[in-house]
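Visitor: One structure follows; several queries about it will come next.
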Amino acid sequence: MRIKLWGVRGSLPTPMGVQEYQTILGHALAHAQNDFRANPSITAEQLYEGIPAQYRRVIGGDTTCVEVDYRGTCIVMDMGTGARRAGLSIAKRALRDIYVLITHTHWDHIQGFPFFAPAYDPGVTIHFYSCIPDLHERFIRQQHPHYHHVKFEDLPCKTTFTYVEQGEQFEIGNLQMEAQPLIHPGGSASYKIRKENQTFVFATDTEFYGPDLSMLVKKYDQFFHGADLLIIDAQYSLTEAEQKRGWGHTAMTIAVDCAMHWDIERLGLTHHEPAHSDETIRELFARAHEYLEANNPHRHMMELTLAREGEEYFL
Ligand SMILES: [Zn+2]
Ligand SMILES: [Zn+2]
565 MRIKLWGVRG SLPTPMGVQE YQTILGHALA HAQNDFRANP SITAEQLYEG IPAQYRRVIG
625 GDTTCVEVDY RGTCIVMDMG TGARRAGLSI AKRALRDIYV LITHTHWDHI QGFPFFAPAY
685 DPGVTIHFYS CIPDLHERFI RQQHPHYHHV KFEDLPCKTT FTYVEQGEQF EIGNLQMEAQ
745 PLIHPGGSAS YKIRKENQTF VFATDTEFYG PDLSMLVKKY DQFFHGADLL IIDAQYSLTE
805 AEQKRGWGHT AMTIAVDCAM HWDIERLGLT HHEPAHSDET IRELFARAHE YLEANNPHRH
865 MMELTLAREG EEYFL
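According to this note's numbering, the sequence shown is numbered sequentially starting from 565.
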């Protein structure tokens with residue numbers, strides 16, 4: 565199973581601003597200048613390789629979209645603005661059936677759909693799955709002529725809509741799926757995908773916080789326990805989580821704490837706060853890493869990763 569992240573930003577698409585770009589470029593050039601002084605015959609390629617990774621790669625500003633590929637079965641989780649690039653990549657593979665799982669319909673999880681290239685291919689059927697009974701109507705509404713120039717009903721692709729009960733198990737291709745309600749204003753669903761002994765859980769837009777936290781961690785243990793890969797909402801710092809209680813998102817260190825209790829093998833932290841620069845996100849991630857090292861109760865250390873646009877995981 566190949567899992568690719570096409571959008572990792574939360575709430576609002578966040579292209580890198582000019583100021584942040586210039587700061588990063590300045591750091592990169594300073595490193596290159598030092599390397600050049602030490603070795604004036606250095607090649608451009610070597611100069612590039614010498615620049616620290618954080619100045620060579622951005623975290624990414626597109627909102628939630630995750631592609632899962634298992635032996636030609638293509639599942640896309642959420643249609644945030646990352647769906648535009650995902651669609652261009654998927655269109656090249658000339659697939660006839662694409663399975664789209666929607667966690668909830670906050671804008672950052674659906675607004676990429678009108679720009680999803682396979683939707684404009686009459687040979688494609690897009691099979692929507694969600695725990696939202698009126699998902700079809702919501703997608704029609706999003707493409708009302710007031711908001712978009714192509715109506716949903718006029719898209720060349722075929723569509724089907726399958727309603728999934730919270731807690732229901734279902735199948736897509738040879739993959740076993742399960743939906744689980746999360747803690748989020750208006751609701752959100754987590755999806756678990758199982759194949760052979762491998763389990764991937766995607767849990768975006770959820771708030772693990774507050775006096776009931778240990779009870780919540782226990783309540784969700786059965787669903788999350790032992791996942792080989794969990795990609796989870798980790799939008800906030802601890803301070804923000806306190807300030808924004810009830811907004812439906814989790815602090816990075818709390819996400820790590822929960823995952824340790826659930827005995828997760830590999831953890832990806834996603835749905836990054838749009839107000840945070842790449843540097844701030846990396847600082848929060850470094851703190852989350854320190855927290856894991858200081859509190860890891862197991863002999864076997866969970867692998868902790870920062871979700872970045874273009875990142876791939878293999879199970
Ligand atoms: Zn969101
Ligand atoms: Zn949301």
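Note that the Cβ used here is the ideal one computed from N, Cα and C, for glycine as well.
Between which two residues does the alpha helix (DSSP H) holding E771 run?
Guide: No alpha helix (DSSP H) holds E771; DSSP gives it neither H nor E.
Visitor: Less than 7 Å separating the Cβ of H840 from some heavy atom of ligand 2?
Guide: Not so, every heavy atom of ligand 2 lies at least 7 Å from the Cβ.
Visitor: Which first and last residues belong to the beta strand (DSSP E) in which V640 is found?
Guide: Start and end: T637 to M641.
Visitor: Within a Cβ cutoff of 7 Å, which residues of the same chain sit near T628, ignoring the five residues on either side of it in sequence?
Guide: Excluding sequence neighbours, T628 sits near G571, D642, G644, G646, D672, H673, T768 and H835.
Visitor: Applying the criterion that 16 or more other CB atoms from any shown protein chain within 10 Å of the CB defines a buried residue, is K756 buried or exposed?
Guide: The residue in question, K756, is buried, as its Cβ has 16 or more Cβ neighbours within 10 Å.
Visitor: Go through its chain and collect everything with a Cβ distance to F716's Cβ below 6 Å, but skip five positions before and after it.
Guide: Closer than 6 Å at the Cβ level, and outside the excluded window around F716, lie F703, I704 and Q707.
Visitor: Helix, strand or coil for P745, going by three-state DSSP, please let me know.
Guide: Three-state DSSP puts P745 in a strand.
Visitor: Buried or exposed: V582, going by 16 or more other Cβ atoms within 10 Å of its Cβ?
Guide: V582 should be labelled exposed.
Visitor: Please determine, among P697, F849 and D599, the residue with the shortest C-alpha to C-alpha distance to G832.
Guide: It is F849.
Visitor: G664: buried (16+ other C-beta within 10 angstroms of its C-beta) or exposed?
Guide: The residue you asked about is not Gly; residue 664 is Val in the sequence shown. With 16 or more Cβ atoms within 10 Å of its Cβ, V664 is classed as buried.
Visitor: Compute the Euclidean distance between the alpha carbons of C695 and Q786, then round it to the nearest angstrom.
Guide: Taking the straight line from one Cα to the other gives about 20 Å.
Visitor: Hey, would you say Y877 sits closer than 8 Å to I654, going by beta carbons?
Guide: Not in contact: Y877 and I654 (Cβ atoms no closer than 8 Å).
Visitor: Assuming T814 and D797 are in contact, meaning their beta carbons sit under 8 Å apart, how far apart are those beta carbons, in whole angstroms?
Guide: Sure, about 5 Å apart at Cβ, within 8 Å.
Visitor: When the distance is taken between beta carbons, is G737 closer than 8 Å to T667?
Guide: Not a contact, by the Cβ cut-off of 8 Å.
Visitor: Buried or exposed: S605, going by 16 or more other Cβ atoms within 10 Å of its Cβ?
Guide: With fewer than 16 Cβ atoms within 10 Å of its Cβ, S605 is classed as exposed.
Visitor: Is any non-hydrogen atom of ligand 1 found closer than 7 Å to the C-beta of G874, if you look at the structure I gave you?
Guide: For ligand 1, not one heavy atom lies less than 7 Å from the Cβ of G874.
Visitor: Could you tell me how far apart the beta carbons of T789 and D827 are, in whole angstroms, since I believe they sit closer than 8 Å?
Guide: Looking at the sequence itself, residue 789 is His, so the reference to Thr does not match. Contact holds; Cβ gap of about 6 Å.
Visitor: Output yes or no for whether 8 Å exceeds the beta carbon distance between T817 and R851.
Guide: Contact flag set, yes.
Visitor: Could you pull the start and end residues of the beta strand (DSSP E) that A683 belongs to?
Guide: Premise fails: A683 is in no beta strand (DSSP E) and is neither H nor E.
Visitor: Could you check whether the Cβ of S752 sits closer than 7 Å to any heavy atom belonging to ligand 2?
Guide: The answer is yes for S752.
Visitor: Ligand 2 and G644: does any heavy atom of the ligand fall closer than 7 Å to the residue's C-beta?
Guide: Incorrect: G644 has no Cβ contact closer than 7 Å to ligand 2.
Visitor: Say yes only if the C-beta of H836 is nearer than 7 Å to one or more non-hydrogen atoms of ligand 2, and no if none qualify.
Guide: Checking every heavy atom of ligand 2 against the Cβ of H836, none is found closer than 7 Å.
Visitor: How would the residue list near ligand 2 read, in chain order, if you kept each one whose beta-carbon is closer than 5 Å to any heavy atom?
Guide: This selection yields H670 and D769.
Visitor: For R758 and Q740, which I take to be in contact (beta-carbon distance under 8 Å), what is that distance rounded to the nearest angstrom?
Guide: 4 Å between Cβ atoms; contact.
Visitor: Taking only heavy atoms of ligand 1 into account, decide whether any of them is closer than 7 Å to the Cβ of T628.
Guide: Yes, the Cβ of T628 comes within 7 Å of a heavy atom of ligand 1.
Visitor: From what residue to what residue does the alpha helix (DSSP H) around L802 run?
Guide: Counting along the chain, the alpha helix (DSSP H) containing L802 begins and ends at L802 to Q807.
Visitor: Out of L652, D685 and D661, point me to the one whose CA is closest to G676's CA.
Guide: Measuring from the Cα of G676, the nearest candidate turns out to be L652.
Visitor: Looking at ligand 1, does it come within less than 7 Å of G574, judged from the CB to the closest heavy atom?
Guide: Yes - ligand 1 has a heavy atom lying nearer than 7 Å to the Cβ of G574.
Visitor: Determine the contact status of G624 and P838, defining contact as a CB-CB distance below 8 Å.
Guide: No, Cβ-Cβ distance for G624 and P838 is not below 8 Å.
Visitor: Verify the contact flag: D698, CB atom, against every heavy atom of ligand 1, threshold strictly below 7 Å.
Guide: No.
Visitor: With a cut-off of 8 Å on the beta carbons, I'd call M865 and E829 a contact; round off their distance for me.
Guide: Actually they do not touch by this definition, with Cβ atoms about 10 Å apart.
Visitor: Ordered along the chain, which non-local residues of its own chain (more than five positions away) have a Cβ less than 6 Å from that of L777?
Guide: No residues qualify anywhere along the chain.
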